[in-house]
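Residue numbers for the sequence shown follow the working numbering, so the first one is 26 and each next one is one higher. Cβ coordinates follow ideal geometry from the N, Cα and C atoms, glycine included. Predicted, not measured: the structure shown is a model, and the values here were computed from it.
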Amino acid sequence: MKILLFSLFFLSCSSFHYNDFKNLRYESEWAKENSILLKDGKSTQGGINFTLLKPLSSSKYLGKTYFALVLVTSPPGSGIFRDLAIFSPAIGGLKQISSIHLGDRVKVKKVEFAGEYLMVTMISHSKSDPMCCPSLLVTKKYSIKNNFQQTQ
């Protein structure tokens, strides 16, 4: 029976959608105990707002399924931080396996998987940009094989 349930769960892994991620626990250095439980894609803790953004990107690599989403953190003050949350199916649901800090006030344009890489295209800060106004289009590349370490 356990093997059957386990098999059925993994057969349905590719059918996860954005709504499946709106009520999960996310790792965050800003949250008490380094994690926050979202409800309908949002949460507030100690004056800090957490919001889950679309889009959801997914891929299968070497037989394992991965999902990437952007979590926005707005602490008191002027910063608006974006982190990439990486999830993978696990027994009983979804589990966050990695978190990537993208930056303060960056504007994420596209998150996509390409083979063994996760590519994030965003507007970031050039050396001359004020903090309010990033203007530099960049694509960052993260390796699935190397636990989502940045490669470029």
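| Check | Outcome |
| --- | --- |
| Buried or exposed: which applies to Asp-65, given that a residue is buried once 16 or more other Cβ atoms fall within 10 Å of its Cβ? | exposed |
| Looking only at its own chain, which residues have a Cβ that is under 6 angstroms from the Cβ of Asp-129, when we skip the five neighbours before and after it? | Gly-104 and Phe-106 |
| Under 7 angstroms Cβ to Cβ from Asn-74, same chain only, skipping five residues before and after it: list those, please. | Ser-99 |
| Considering only the beta carbon of each residue, do Ser-149 and Val-131 sit closer than 7 angstroms? | yes |
| Give me the residue from Glu-141, Val-133, Ser-160 and Asp-108 with the minimum Cα distance to Ser-151. | Ser-160 |
| Between which two residues does the beta strand (DSSP E) holding Asn-74 run? | 73 to 86 |
| What first and last residue would you give for the beta strand (DSSP E) that runs through Arg-130? | Arg-130 -> no beta strand (DSSP E), and no H or E assigned at all. |
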